[in-house]
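For what it's worth, the UniProt record's numbering labels the leading residue of the sequence shown as 1, then goes sequentially.
Backbone N, C-alpha and C define an ideal beta-carbon position, used for all residues, glycine too.
Worksheet for the structure shown next.
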Amino acid sequence: MRSPGSSSCPSDTPRVAAGEFYDYTARYGAMRDGDDKTLGERFDEILQEERVHMSEHTPGDGQHPGLIEEREYRELLESLGLTPLLSVPLIALSNGQTRRARIARAILRRPDIILLDEPLTGLDIESRDRLVHLLQSFKTSTTYSPSILSSYRLQEVVDHLHGSLKDVAPAFVSHIAFLEKDTFWAGPRDEFFGDFVKRHFKEGNTEVWANGFGTGSAGTPKGWKTREDAPLVVDLQGVNVVYQGKRKILDQISWQIRQGDRWHLKGQNGSGKTTLLSLITGDHPQSYVQKHLLLPPTFSPTSPQGFTPTLAHRKRIPTPVLKSSIGVLSPELFDAFPRREPGMSVWDAVQTGFGGVFVPAGEGVGMASVDDIFEDGKRDEVREWRVKRCWEVLEALGPNSWADKQVSQTPGEGASEATEAFAARPITSLTQGEQRVVLLMRALVGRAPLVILDEVWSGMEEGMINAVKAYFKSGRAFGDHQAVVVVTHWEEEVPWTREEGLQSFRLEKGYGKTE
């Protein structure tokens, strides 16, 4: 039997083996120079490697039963929508396109077992349908029918957000194993939805529906509404991004983000969302030459309310200043964040959010460092505010908030024992979901004028997701002065509604429009 397949990366991952930080922004320079291999070239390498492997393990009759045929290879790429991307450099692929390429790589090797970890996360609706259809086709295939073991978020299996319990699991799923804290159940699909789901979720209990996205209050501060006269945080007018003089990624993008705005950035995989956000964060080299891209250069970390940003061109904003003005959680940042053993503590990781840096100050739990840019008389005030703010986000989003029996904690009381212990843990000792929560804390802790949350829920367990939602709904997560941009392909994951002032900006084939 061949070894099981997995959804591994189609190219050598840039992560350093020791878990050190790598500069994920370097991809934009590579795209500019056009010096990276294409997706098609990498797949050709994989096929050649597979042919060599098979030739070394050929049975006596000379047949290669596990080698994918050229026709099947082309059909696989077409089924996942990868054919048009074969000439695109690997480093230029979007997050969703990369995920599809990873899945294709696993299938190329024709394993007996395919392991997929949250395969639908980060995929647009069309791509999700393509993947589900492909995996479903394996069940009836006479040439290749692997066993498939995949993990899903609860919402991808059970629609429990709209007053009923509906089976929305992918069609090819025959059996389900459910694990949540101390509860484990495994069995056929029909038994899961016919008996276990109803007992576990207590159908009709309104507390279940209150946990859903898009229901109830989103925690918008009282009296908040989008105002045309509100100060601008980001101002893009006719922005373009072109590679090698011909491949246009963004075409005449105009978008204004103001204080208090709540935005949902939409678009299919490859529509330019990541490129647009990289301009706003200043990571993209072409952000320096955009004449009509204005960004927030500075703000007050101790009195954010009433703050009025002064916009400036990227080339006039020092990178450390810009990084401290934008809180970010994205797939790129999650992959790049340093995890070198023994790793920085949770406390240190959260503190890096004040400056948007990746090197901990190492002051220890309960302490905070302050940059030299602050006057001596101001530094104690800033330090005190930072310590208080760290404990606030740690208490609101830490393990105490995930527990079945939560310890009641009033804002300002101080941290619970569980939170203090969590703050001292090395980030390398945390699960993937816990690490994502910590990096969300990092994005929120500085109360930056702009917060960008890109696929923020990926990898989180249900208890963590509910804790984040509760914090958002409490009104304590964001201030009136802050603008928030949420990027997700799941409408129900957006924590605000149109009635609460949510606005949408959609990218399609490089063009953008407000919806």
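Open item on the list: Three Cβ pairs or more, each shorter than 8 Å: is that satisfied between the stretch 132-144 and the stretch 72-85?
Closed with: yes
Open item on the list: Less than 6 Å between C-beta atoms, sequence neighbours within five positions excluded: which residues of the same chain meet that for GLN268?
Closed with: Within the sequence shown, the letter at position 268 stands for residue 268. So the list reads ASP124, once near-sequence residues are dropped.
- [ ] May I ask you to report which of helix, strand or coil DSSP gives ASN240?
- [x] Within the sequence shown, numbered from 1, the residue matching residue 240 stands at position 240. Looking at ASN240 - three-state DSSP - the assignment turns out to be strand.
TODO: Taking 8 Å as the cut-off, decide whether the C-beta atoms of ARG442 and GLY459 are in contact.
DONE: Position 442 of the sequence shown, counting from 1, holds the residue named residue 442. Position 459 of the sequence shown, counting from 1, holds the residue named residue 459. Contact: no.
- [ ] Would you kindly work out how many angstroms separate the C-alpha atoms of LEU116 and SER145, rounded to a whole number?
- [x] Walking along the sequence shown from the start, residue 116 turns up at place 116. Walking along the sequence shown from the start, residue 145 turns up at place 145. Distance between the alpha carbons of LEU116 and SER145 is about 15 Å.
- [ ] Alpha carbon to alpha carbon, how far is GLY260 from VAL168? Give it in angstroms, no decimals.
- [x] Here the question's residue 168 lines up with position 168 in the sequence shown. Here the question's residue 260 lines up with position 260 in the sequence shown. Roughly 35 Å separates the two Cα atoms.
Task: Min CB distance LEU507 to chain B below 8 Å - done: As a matter of chain content, chain B is missing from the structure shown, which is built from one protein chain.
TODO: Pull up the distance between the alpha-carbon of ARG74 and that of GLY343, whole angstroms please.
DONE: Position 74 of the sequence shown, counting from 1, holds the residue named residue 74. Position 343 of the sequence shown, counting from 1, holds the residue named residue 343. Rounded to whole angstroms, ARG74 to GLY343 spans 43 Å at the Cα level.
Task: Counted within 10 angstroms of its Cβ, other Cβ atoms place GLY282 as buried (16 or more) or exposed - done: As a position in the sequence shown, residue 282 is number 282, starting the count at 1. The residue is buried, with at least 16 neighbouring Cβ atoms inside 10 Å.
Task: Option nearest ASN240 by Cα separation, candidates ASN95, ALA349, THR98 and LEU293 - done: Here residue 240 refers to the residue found at position 240 when the sequence shown is read from its first residue. Considering only alpha carbons, the answer is LEU293.
Open item on the list: Can you list, in chain order, the residues of its chain with a C-beta nearer than 6 Å to that of SER330? Leave out the 5 residues immediately preceding and following it.
Closed with: Position 330 of the sequence shown, counted from the first residue, corresponds to residue 330. For SER330, where only same-chain residues beyond five positions count, the Cβ hits under 6 Å are ASP454.
Task: According to DSSP, residues forming a beta bridge with GLN256 - done: Your numbering for residue 256 matches position 256 in the sequence shown. Bridge partners of GLN256: ASP235.
Open item on the list: Give me the DSSP bridge partner(s) of LEU295.
Closed with: Within the sequence shown, numbered from 1, the residue matching residue 295 stands at position 295. Per DSSP, ALA312.
Task: Local conformation of GLU180 per DSSP, three classes - done: Position 180 of the sequence shown, counting from 1, holds the residue named residue 180. Strand, per DSSP.
- [ ] Could you work out which residue in SER127, TRP496, ALA106 and VAL438 is closest to VAL393 when comparing CA atoms only?
- [x] In the sequence shown, counting from the first residue as 1, residue 393 sits at position 393. Considering only alpha carbons, the answer is VAL438.
Task: Nonlocal neighbours in the same chain, by C-beta distance under 6 Å from ALA186, ignoring five residues either side - done: The sequence position of residue 186 within the sequence shown is 186, counting from 1. Correct list, in chain order: ALA177.
- [ ] Since I believe SER141 is in contact with GLY96 (beta carbons under 8 Å), could you give me their beta-carbon distance rounded to a whole number of angstroms?
- [x] Here the question's residue 96 lines up with position 96 in the sequence shown. Here the question's residue 141 lines up with position 141 in the sequence shown. Contact doesn't hold; Cβ gap of about 25 Å is too wide.
Open item on the list: Once the 5 residues before and after LEU311 are set aside, which same chain residues still bring their CB inside 7 Å of it?
Closed with: Here the question's residue 311 lines up with position 311 in the sequence shown. The residues are LEU232, ASP235, LEU294, LEU295 and PRO296.
- [ ] In the DSSP assignment, find the alpha helix (DSSP H) that holds GLU126 and state where it starts and stops.
- [x] If you number the sequence shown from 1, residue 126 lands on position 126. 125-140 is the extent of the alpha helix (DSSP H) around GLU126.
Task: Per-residue DSSP class, three states only, for GLU69 - done: Numbered from its first residue, the sequence shown carries residue 69 at position 69. In this structure, GLU69 counts as coil in the three-state DSSP scheme.
Open item on the list: On the DSSP bridge list, what partners appear for PRO188?
Closed with: Translated into positions along the sequence shown, residue 188 becomes position 188. Partner(s): HIS175.
TODO: Identify every residue that forms a DSSP beta bridge with LYS503.
DONE: Reading the sequence shown from its first residue, position 503 is the one you call residue 503. A small correction: the amino acid at residue 503 is Gln; Lys does not occupy that position in the sequence shown. Paired residue(s): TRP263.
Open item on the list: Applying the 10 Å Cβ sphere with the 16-neighbour rule, what's the burial state of ARG110?
Closed with: Counted from its first residue, the sequence shown places residue 110 at position 110. That one is buried.
Task: PRO411 to ASP129 span [Cα, whole Å] - done: Position 411 of the sequence shown holds residue 411. Position 129 of the sequence shown holds residue 129. Legend: pLDDT at PRO411 = 46, less than 50; position of this residue unreliable, value from coordinates given subsequently. Their Cα atoms are separated by approximately 44 Å.
TODO: Quickly, what does DSSP pair SER325 with across the bridge? List them, please.
DONE: Counting from 1 along the sequence shown, the entry for residue 325 is found at position 325. Paired residue(s): none; SER325 is not in a bridge.
- [ ] Return yes when the Cβ of VAL468 is within less than 8 Å of the Cβ of LEU397, no when it is not.
- [x] Within the sequence shown, the letter at position 397 stands for residue 397. Within the sequence shown, the letter at position 468 stands for residue 468. Yes. Within cutoff.
TODO: On the DSSP bridge assignment, give the partners of LYS37 in chain order.
DONE: The residue labelled residue 37 in the question sits at position 37 within the sequence shown. According to DSSP, which records beta bridges pairwise, LYS37 is partnered with nothing at all.
Task: Nearest neighbour of THR38, chosen from ASP112, VAL88 and SER55 [CA to CA] - done: Reading the sequence shown from its first residue, position 38 is the one you call residue 38. For THR38, the nearest C-alpha among the options comes from VAL88.
Open item on the list: Taking 8 Å as the threshold (C-beta atoms), are LEU450 and residue 517 in contact?
Closed with: Beyond the ends of the chain as shown, which are 1 and 515, falls residue 517; an answer cannot be given.
Task: Pick from LYS473, GLY433, GLN482 and TRP490 that is closest to GLU462, judged by C-alpha positions - done: As a first step, residue 462 is located in the sequence shown; it is residue number 462 there, counting from the start. Closest by alpha carbon: GLY433.
Open item on the list: So, with DSSP's three-state summary, where would you put VAL357?
Closed with: If you number the sequence shown from 1, residue 357 lands on position 357. Correct three-state label for VAL357: coil.
Open item on the list: Out of LYS181, PHE172, LYS509 and LEU502, which one is the CA nearest neighbour of HIS264?
Closed with: Along the sequence shown, one-based indexing puts residue 264 at 264. Cα-wise, what sits closest to HIS264 is LEU502.
TODO: Please classify LYS469: does DSSP put it in a helix, a strand, or coil?
DONE: Locating residue 469 in the sequence shown gives position 469, counting from the first residue. Correct three-state label for LYS469: helix.
Task: C-alpha distance - PRO360 paired with SER164, whole-angstrom precision - done: Translated into the one-based positions of the sequence shown, residue 360 becomes position 360. Translated into the one-based positions of the sequence shown, residue 164 becomes position 164. Straight-line Cα distance between these residues: approximately 46 Å.
Task: Whether PHE505 touches TRP347 by CB criterion (8 Å) - done: Position 505 of the sequence shown, counting from 1, holds the residue named residue 505. Position 347 of the sequence shown, counting from 1, holds the residue named residue 347. No, these two residues do not count as a Cβ contact at 8 Å.
Task: Reduced DSSP category for THR206 - H, G, I as helix; E, B as strand; rest coil - done: The count along the sequence shown starts at 1 and reaches residue 206 at position 206. Since pLDDT at THR206 reaches only 34, below the 50 mark, its modelled position is unreliable, and no value is offered.
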